[in-house]
Each structure stands twice: as C-alpha cells, then as structure tokens.
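Residue numbers (the numbering used here), protein chains in the order written: chain A, 620 to 1075; chain B, 7 to 273.
Quick look at the structure:
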C-alpha cells in the first residue's frame, strides 16, 4: 500500500513540476508543512485531484487561461487544442443557447423537440474564460452546472458528474461584472495568477509560437473529438468515444515520455484522499473557524441580512457581511485532505487547514469597510481580500487578532468542555461551556457547545 | 438531550483524564478601534482646534442642554485649554468624526516615551478609575459599575480603569452633574491593581501596555492613589505625576490640555 501511494503522489508531483517548469512558469508563493509551491498551480492541481471548481483572478495576459488549459490537458489526458476549442469565452451576449444547449432546429421544423448540447457541456473538464464578462443575470444559468455537473435545457438534461472546472476573471474594469454571491460560493477555491518574475518572463517572451504546446496538442484527435461531440449520439456513447480518444492521446504522451494519470489512478487517488483523517488540532481549528463564521450571540446566528456587530467582541463574524456556507466547509475539508495526501502525510494537520482555508474563503468574503480600512494600506503580496483573509484566519494583528490566535487562547478551555462531555459529566461540561461563553462575549465555539449540550 | 453528534465528537477528541487544575477563562477578544502604531500626538490647537471646539460647543447646545460642566474648554493662545473627564468624553466624540481620539493612558505613555510633545506644566484626563459603588461620586459609580458588571467584569475587588476614549456621555437630570457615562462597544475595561490605594506614592518610570505604572524603586514619577472606593478621575499631572484619586469630576483649571492622537503624521 505505501509503495502504491508513493507512486501516485510522485506521479502527481511530477505533473505539477512538469507544468511549473515547462509550461506555466511561476514563482512559489505558498508554503505548507515546510514545502513550497505556487498557489495557482497547487490549487489547480488539488482542483484536478478532487474534481473541484476554481476561480483564477489576474491581470490581462497574466497566465490565467494558460494555466487552466495546461492543468486540464495534463491531468485529464485531453489534447490541449481540444481543451482550447471547447472552452467558453464570456461576453455580455452570452446566452443559455450559446453556453448550454440549443433546440435541434432540423427536428424542430418536423415538430420534434430535441436538444443539441454545446461542446462545453458535453466535455467533462471545463474552462470558462473571462467568466465575469457574463452579465449577472446570466450567471444563474450556470449555477447548477458549476455545482453538480448537471446541465438542463428545455426538458432534457445532461450530467457529466463532478468534473474539474476553471473560470478565469480579470480584475474589475468597465468590461466586466461582479460575480453574484451564490456563484462565488460554488467555487471551491480562488487564486491569483501572478507576475512570474523577470527571468521567467524573458523565457516566456521567446516562446512566440508556443512551441512547447506541441507535445500536448494533437490536431487529428481534436478533429475526431469534435466530430464525436457534433455527432448527436447519446451522451453515454459520446463519453465512451471520448474516453477512447483520451486513451489514444495518453498513449502518445507516454511514447513521448510524458507521464499521465490513468482513470484508475484518479479513482484510487480520490479514495485515498477521502481516507486521510484530520488530526485533533486541525479539526478543532476548523471547528473554531466554523463557529466564528456562523455564530452571532446577538442575532442567534450569522445572516447576510443582519449587520455585523462588534458588540460581543471582534470575532470573525464582526468583520464581514454574510455567513459561512456548507459548501465552503466541504471545500476546506476536501482541499486540506488533498494537500495532506499530496504531501504524503498520514493526517491533515493545522498547517494544511490554515494554509488552504484562505484560498477557499477570500473570494466569498464580503469584508466590512472597517475591516478593509484596517488593512488597505498594509505592505502585502496578495490581493487585498486574500491578504485580509490570510491575516484574519491566521494570527491577525494587534488591532484585529485572527482565528488562529484565538484558537490558541481558547483551545485549552474547549478541551476541558470536551473532556467533561466525553467522560459523561454533562452538567459540569455545560456549566463550564456557559462560563467560557461569558454571556456571548466568549469565543463562539462555547456558545455553540452550550446549545449542543442543552440539546437546543 | 445533548446533541449525540457533539457527544460522539467529544468521545473522539477527549483525553483519557480530565485535567485537575481548572484553567481560567480567557477574556473575550474585543475590538480595539485605536491604532497603536504610527500615531502622532499633539495638543488641540490652531485652526483645527478652533473648529473642533466650535463643533463641541454646538453639540453641548444641541444634545446636552448647555450643561455647565461641559462648558469648561476655552480656546486661548491658539490652543484648547482645561480638562475634565466629562468634557474629554464629549470631545472624543467630536474628534472621532475627524479620525482622531483623546489620548488614553497608553497613548500618553507612548507620547512620553517618544518625547514628541512637551507636557510639562500641564495636566490632562485620560481615564476613570472605578473602585466600588460607593463615594466618591456614588451615583455615577453605581451606574457605571452596573454597566461594567453586565459585561462580565467584577467591581469592588481590583480597581477597574476605563479610558475616556471609547466612553459615551448622556444627559441625566438625576446625576449631580446632569451627565452620566455610558460604556460602548469600543470601551476598554481594564483591571488595574496598580491603582490600589496601597500603591499610593509608589515610584515608576514607565507604563505597561495598558499605560499603567510599572513600579520601580528610585523611579522619577509618582502614582497618587490614596482612595479606596467610588469613582475617580485618572489624569496625568505634568510629566512626573499620575493621579488616580481625583474625586472632583467636574473641576477644571487653565493648565488642562487635551492630547489628540491621530494615525500617521497628521497634526
């Protein structure tokens, strides 16, 4: 078992290194358990491993689309030219018919109703380029697809199941729109594709014909794949034929000494990732974070329709508008487990959770103006929202301490409540939880524990 | 009935033994709206001082029925003079609209440490010291004690120090001064055993991170705290005195100065 595990991890790390050193040149800006990575490439890799959804922010020409294309091609054995061909590019006129499916006009003239599914929907791994150029009103069209891999049109539907999904967004300008909160919540993680440094840029600039892409491309297979997608065959048949094309492409890659992940590899990786447990510190920090994001002593629970209040202390709930969501908590677990697996660790540790969580949360958080003002003039390497999130999920500052700091302060007391409850001393556990709760001014984890102990 | 999932989690996380020694509850983390870094310290002077005083006087007229206790501040020699805790709480409200605040004890310590402002021959209020619900100032002490206790703090053991910046002021016709103090979200409540009567006359050179004295023999500064109950003012006297026994809350003399703090280097 350990040998197989190592082999799979080495394979994945090999692909990560290959993309980072030959295709998407970048600098490391992320550290977990002593290992350094590029955040965009790492989160992209983890997105591939657990078939998640990722948002890529950045400047024009900053490598957002490029990185997504390489990741989707390399990890899914699809020709790079096919990946590029089936990606959707956002624009204000993008309708459901252009994204998802359209009526079969020929059959419609004969009085029949049938759907012609767009390539974007039929293909498993997806890229939606310039996602925020789509108007807010149309964003709802892709909600279900992004979330569950299920696409509906007329009375028909198509399901590709959970598949890696990448959406790129330019920073705000006159040509794009805000992403609606329910859409943002459906993206597991968000990253910034960053300036890779002068030396890397000098190298990239010389690659003006994208010669390096040839190894990943296969025009003949791409033509065949497009023919399959246009065939109008039932989805199961289309998927089967696409699978054969993937196999052929992978054989070609292997012949060029390019490692690939087989379908079986990916299934085993997913099983192994699921099986990685959290250690106690990691899980308790996660519990503290969930409590701070969802609890409000004043309003019963945190809600987007209630104003944030500092009345009960400056916990995370006082710093942002809105509340936590079950999706984001699942994202933290999946991505922390994936990272622990990639690092060949037996357990998810505190570092895995606390390093991954900011990338899960920063695009979903609506920080209050006061919070933004407290950080906006800081020296920083990250976009402001990510900078704030990293700070407030970590130790924070003197003025605004973070979740990790409070976790350090209150974990011992929480453990007492846990120990008392675990040993069946319910009354004592409840009494101490109430005491630590300090009538709503203590850590929200204690208010939540009181409710659980009282059976509320 | 307790949530069974909570109990299952507890069973998974619990240690074999319950720790015998009880751990003290940590204080809730509270918002601190005051910056501690890159702060400038100045008297309230010049055109800005005049403007703030005008706004202050309008506020007295509008919301505090021209209470005489508040009508102490004057603009003389291009600087705002005089000081009492009521006036400074209200002044702080005006200053907050300009992104500034009345110096707290910790701010005054930092200003002294940096030597950025000459405080000689002046005095200035910075806080209240609540030792009990009795005299001096029984009415205000009882009222403030109730508020402090409602936030989970004890009154009557160690003195409680509350910086003026962060307090609010309300009109109260029952109060001897027609005014009363109100705690706000940003009020700091600090246990201050250093201000016990037993420490009266002790020497110190520096303050701690709350602005309270760190006693040392041979220090050049002196704490005056010969009171053991009620509500007193806390004020700096020149550079060498820290007075935590002033029971005349409304009194004010011409040597009073407000030290105004601002983030950055603005005057």
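Quick reminder that beta carbons are idealized off the backbone N, C-alpha and C, glycines included.
These figures come from a predicted structure and were not determined experimentally.
Positions along the region 818 to 847 of chain A whose CB lies within less than 8 Å of some CB in chain B: Residues: none.
Simplified DSSP state of residue 672/A, which is helix, strand or coil: Strand, per DSSP.
Contact under 8 Å by Cβ, residue 666/A with residue 801/A: Against a cut-off of 8 Å, the Cβ pair of residue 801/A and residue 666/A comes out as no contact.
Outcome for residue 37/B when other beta-carbon atoms lying within 10 angstroms are tallied against a minimum of 16: Because the pLDDT of residue 37/B is 38, which lies under 50, any placement of that residue in the model is unreliable, and the number read from its coordinates should be weighed accordingly. Per the 10 Å Cβ criterion, buried.
Residue 777/A to residue 684/A span [Cα, whole Å]: CA-to-CA, the gap between residue 777/A and residue 684/A works out to about 25 Å.
Alpha helix (DSSP H) segments (min. 4 residues) lying fully within the region 753 to 791 of chain A: The qualifying runs are 755 to 758, 762 to 767.
Stretch pair the region 140 to 160 of chain B + the region 179 to 199 of chain B: three plus CB contacts closer than 8 Å: The answer is yes - the region 179 to 199 of chain B touches the region 140 to 160 of chain B, with three or more Cβ pairs under 8 Å.
For residue 119/B: DSSP bridge partner residues: Per DSSP, none; premise fails for residue 119/B.
Contact under 8 Å by Cβ, residue 709/A with residue 772/A: No Cβ-Cβ contact shorter than 8 Å links residue 709/A with residue 772/A.
Residue 626/A - partner residues in DSSP beta bridges: Answer is none; residue 626/A lacks a bridge partner.
Host alpha helix (DSSP H) of residue 1040/A (start-end): Element bounds for residue 1040/A: 1022 to 1041.
Three-way DSSP call (helix, strand, coil) for residue 986/A in this model: In the three-state DSSP reduction, residue 986/A falls in the strand class (E or B).
Beta carbon proximity, residue 1057/A to chain B, threshold 8 Å: For residue 1057/A, the answer is yes, since a Cβ of chain B falls inside 8 Å of its Cβ.
Where the region 193 to 225 of chain B meets chain A: residues whose CB sits under 7 Å from a CB there: Under the 7 Å Cβ criterion, the region 193 to 225 of chain B contributes no residue.
Check whether residue 895/A and residue 967/A have beta carbons under 8 Å apart: Cβ atoms of residue 895/A and residue 967/A: closer than 8 Å.
Cβ pair count under 8 Å reaching 3, the region 1018 to 1026 of chain A against the region 843 to 852 of chain A: No contact exists between the region 1018 to 1026 of chain A and the region 843 to 852 of chain A.
Sequence-distant residues of its chain with Cβ nearer than 7 Å to residue 20/B (five each side left out): Nothing meets the Cβ criterion.
Of the listed residues 7/B, 85/B, 94/B, nearest to residue 174/B (C-alpha basis): Per the C-alpha coordinates, the member of 7/B, 85/B, 94/B positioned closest to residue 174/B is 94/B.
Beta-carbon contacts of residue 1045/A that lie in its chain and below 7 Å, excluding the five residues immediately before and after: So the list reads 1072, once near-sequence residues are dropped.
Per-residue DSSP class, three states only, for residue 746/A: Note: residue 746/A maps to strand in three-state DSSP.
Three-state class that DSSP yields for residue 839/A in the structure shown: Under the three-state reduction of DSSP, residue 839/A is assigned to helix.
Within-8 Å CB hit, residue 1037/A to chain B: For residue 1037/A, at least one C-beta of chain B is nearer than 8 Å to its own C-beta.
DSSP beta-bridge partners of residue 220/B: Per DSSP, 212/B.
Any C-beta of chain A under 8 Å from that of residue 120/B: Under the 8 Å criterion on CB atoms, residue 120/B is classed as non-interfacial with respect to chain A.
Where the alpha helix (DSSP H) containing residue 801/A begins and where it ends: First-last of the alpha helix (DSSP H) with residue 801/A: 800 to 804.
Distance between beta carbons of residue 836/A and residue 659/A, contact taken as under 8 Å: Actually they are not in contact, since the Cβ atoms of residue 659/A and residue 836/A sit about 22 Å apart, beyond 8 Å.
Stretch pair the region 817 to 837 of chain A + the region 715 to 730 of chain A: three plus CB contacts closer than 8 Å: Contact between the region 817 to 837 of chain A and the region 715 to 730 of chain A is not established, with fewer than three Cβ pairs separated by less than 8 Å.
Any chain B beta carbon closer than 8 Å to residue 1072/A: Yes, because at least one Cβ of chain B sits closer than 8 Å to the Cβ of residue 1072/A.
Three-state secondary structure assigned by DSSP to residue 1019/A: In the three-state reduction of the DSSP assignment, residue 1019/A falls in the coil class, being assigned neither a helical nor a strand state.
Minimum Cβ-Cβ distance from residue 984/A to chain B less than 8 Å: False, the Cβ-Cβ gap to chain B never drops below 8 Å.
DSSP bridge partner residues for residue 978/A (one or two, in chain order): BP columns for residue 978/A are empty, so no partner.
Residue 59/B in three-state terms, based on DSSP: In this structure, residue 59/B counts as helix in the three-state DSSP scheme.
Selection from 670/A, 648/A, 649/A, 788/A that minimises the alpha carbon distance to residue 885/A: It is 670/A.
Interfacial residues, the region 145 to 159 of chain B to chain A, with Cβ spacing under 9 Å: Along the region 145 to 159 of chain B, the positions whose C-beta sits under 9 Å from a C-beta of chain A are 156, 157, 158, read in chain order.
Within-8 Å CB hit, residue 19/B to chain A: Output row for residue 19/B: interface = yes.
With 16 other Cβ atoms within 10 Å as the buried cut-off, status of residue 954/A: Label assigned to residue 954/A: buried.
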